[in-house]
């Protein structure tokens with residue numbers, strides 16, 4: 012038997028490992044299983060190149076809990092180690108990795124949440140164990156070895172009587188970590204970290220019912236057998252070629268990733284690149300609607316099928332973090348801080364590749380089946396709008412498939428829209444005016460008025476649409492977007508012809524003075540000569556002020572504090588209406604005030620602005636009028 016002392020500068024590093032990494036202590040299982048997986052895959056490679064003259068067989072990694080003995084066993088059938096290799100890889104390399112980790116990353120490691128990739132792997136066992144044993148037999152014809160360490164720098168190394176190839180690690184669980192002796196706890200960790208490991212992982216057994224034989228009698232009772240409980244899928248969909256997978260395979264994998272998700276995804280994007288970096292994965296577009304408060308962190312990041320994190324910020328473009336799915340890459344540098352990750356050149360290339368791949372897939376879907384793409388538009392538009400605002404490369408490509416729906420559920424690309432509107436919706440200055448509504452019901456009367464003129468009205472109702480149309484206008488100087496309730500229709504698209512007012516300038520001045528005596532200061536009174544059949548009073552919200560306010564409220568907008576500004580409205584009074592003449596000619600001031608307030612309340616009602624006490628008074632007053 013050999014005894015010795017691990018050569019470390021810190022007298023007792025184990026309590027430090029345990030204390031320092033306490034918030035991440037559950038990852039010990041992931042690390043030890045990863046080591047077993049590596050040992051098994053390395054053996055497979057050595058056999059394939061003729062370096063190892065042994066049978067590979069059907070190896071598994073087994074996890075066993077001995078609750079009474081307070082032990083966890085992790086057993087693999089991989090390479091195994093000789094005594095010399097234990098001395099080298101456990102006492103020297105792994106421990107120096109642990110020490111280097113503590114020294115180098117003590118300020119940022121807790122935040123990184125990623126431990127094993129710093130060379131700490133094996134020693135994470137001491138976060139939960141007071142003593143660790145390794146019993147290992149190499150694939151080479153050499154004696155088995157038994158290493159023991161009780162959490163101090165002292166260790167023992169002696170021969171063992173193990174005859175089968177591979178390594179067994181025995182953790183003697185510490186009193187403050189007894190939760191890890193519960194089946195449910197270990198099962199949960201295996202499901203979280205090892206669900207798609209490339210080697211089958213066995214955890215206990217389960218009962219399986221055998222099929223009933225064809226010639227079985229009626230009173231036949233189905234036989235049951237005990238089979239190994241393999242908890243992982245070693246060949247998940249993302250490790251296969253797209254040509255090997257059907258639509259149903261992709262849907263089944265989505266359900267495997269998100270068992271509690273009951274809706275199928277809209278479509279998927281299979282990522283597969285091996286130059287200039289390695290990356291595979293599958294991204295899914297779930298049904299999103301217009302909700303910007305979608306829970307992020309649903310894309311899972313793996314490294315060689317080992318789960319790492321669901322925080323993919325910096326790796327996946329921000330606008331795609333609302334998607335779901337898997338990304339697996341050995342080339343993502345996991346041993347740097349988040350800020351370092353975002354500045355890393357390889358990561359930027361990966362982010363750009365994902366952006367391009369998503370844009371190409373969307374364009375293909377649009378070209379292959381436009382009707383289906385239009386049907387899904389409302390469920391994906393928020394991601395695309397966000398992408399156009401945040402990623403220039405995506406914006407450049409999106410013009411080919413980004414859609415502008417009308418209130419009548421027809422869809423146009425920007426180029427189609429320009430062609431469709433140019434004849435009827437070009438104003439006297441040669442500018443194309445795109446009318447849009449944010450809410451079909453609230454702006455119904457304005458939409459109808461525009462339609463009567465033969466104008467097309469878009470329905471743009473997302474919370475970030477003001478930002479996007481600002482950007483589109485900046486890139487298309489001949490196009491302006493105007494919400495349909497921001498002015499009366501003749502002012503929205505100004506043509507050459509002018510409607511003549513029935514009232515003289517002097518009468519208009521008198522009328523305006525009378526109106527302003529009764530109209531609250533929040534409304535700017537404007538007199539306009541319109542068709543006599545048009546509404547007498549119209550409330551509008553100036554496009555620029557409303558848009559800036561919306562942009563400020565949803566982030567940005569370029570005008571400080573506008574999100575807190577009070578609402579501003581214009582009250583447009585049609586000087587050619589009979590009501591305007593009546594108000595002007597009424598000498599009874601009480602009756603005049605009554606006419607103005609009733610007309611204003613009707614206009615407010617059409618804009619959903621009449622509420623509370625004012626609405627109650629209006630209803631009461633209206634009933635009095637029809638008695």
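In our numbering, the protein residues as written are 12 to 638.
Quick reminder that beta carbons are idealized off the backbone N, C-alpha and C, glycines included.
So that I know if they touch, is there some Cβ in chain E lying closer than 8 Å to that of residue i?
i, result
"residue 519", "Judged by its chain identifiers, the structure shown contains no chain E, having just a single protein chain."
Taking C-alpha atoms, which residue in the options lies nearest to residue i?
i, options, result
"residue 74", "68, 95, 45, 62", "45"
"residue 148", "93, 140, 99", "93"
"residue 101", "76, 79, 165", "165"
"residue 473", "484, 464, 451", "451"
"residue 560", "535, 475, 258", "475"
"residue 546", "367, 615, 514", "615"
"residue 78", "99, 162, 194, 152", "194"
"residue 489", "429, 218, 326, 541", "429"
"residue 247", "153, 477, 529, 266", "266"
"residue 80", "603, 189, 135", "189"
"residue 600", "158, 65, 528", "528"
"residue 526", "608, 481, 274", "608"
"residue 38", "253, 230, 319", "319"
Are the CB atoms of residue j and residue i within a distance shorter than 8 Å?
i, j, result
"residue 42", "residue 132", "yes"
"residue 391", "residue 277", "yes"
"residue 299", "residue 393", "yes"
"residue 441", "residue 330", "no"
"residue 85", "residue 61", "no"
"residue 444", "residue 491", "yes"
"residue 293", "residue 337", "yes"
"residue 143", "residue 184", "no"
"residue 97", "residue 145", "yes"
"residue 221", "residue 205", "no"
"residue 618", "residue 486", "no"
"residue 621", "residue 584", "no"
"residue 156", "residue 171", "yes"
"residue 477", "residue 558", "yes"
"residue 611", "residue 500", "no"
"residue 176", "residue 65", "yes"
"residue 404", "residue 363", "yes"
"residue 150", "residue 54", "yes"
If I'm right that residue i touches residue j with Cβ under 8 Å, what's the distance once you round it to whole angstroms?
i, j, result
"residue 82", "residue 168", "Not confirmed; about 20 Å, so no contact."
"residue 88", "residue 51", "7 Å"
"residue 447", "residue 471", "5 Å"
"residue 410", "residue 395", "That belief does not hold up - the Cβ atoms of residue 410 and residue 395 are roughly 11 Å apart, past 8 Å."
"residue 503", "residue 548", "With a Cβ gap of about 17 Å, residue 503 and residue 548 do not count as contacting."
"residue 513", "residue 587", "5 Å"
"residue 282", "residue 368", "6 Å"
"residue 161", "residue 141", "7 Å"
"residue 284", "residue 326", "No, residue 284 and residue 326 are not in contact; Cβ-Cβ is about 14 Å, not under 8 Å."
"residue 314", "residue 321", "Going by Cβ atoms, the distance from residue 314 to residue 321 rounds to 13 Å, so no, they are not a contact pair."
"residue 197", "residue 290", "That pair is no contact at about 31 Å."
Per DSSP, residue i is paired with what?
i, result
"residue 598", "Paired residue(s): none; residue 598 is not in a bridge."
"residue 448", "470"
"residue 183", "82, 142"
"residue 157", "146, 169"
"residue 538", "584"
"residue 290", "284"
"residue 327", "324"
"residue 103", "According to DSSP, which records beta bridges pairwise, residue 103 is partnered with nothing at all."
"residue 403", "The partner list for residue 403 (beta bridge, DSSP) is empty, contrary to what the question assumes."
"residue 177", "148"
"residue 75", "84"
Is the stretch 522-537 in contact with the stretch 577-595, if contact means three or more CB pairs nearer than 8 Å?
yes
With three or more beta-carbon pairs closer than 8 Å as the criterion, would you say the stretch 400-420 touches the stretch 382-391?
yes
Examine the Cβ distances between the stretch 209-219 and the stretch 240-253 and report whether three or more of them are shorter than 8 Å.
Enough Cβ pairs lie closer than 8 Å, so yes.
Are the stretch 457-467 and the stretch 419-439 touching by the rule of at least three beta carbon pairs closer than 8 Å?
yes
Validate contact between the stretch 577-587 and the stretch 549-563 using beta carbons, cut 8 Å, 3 pairs
yes
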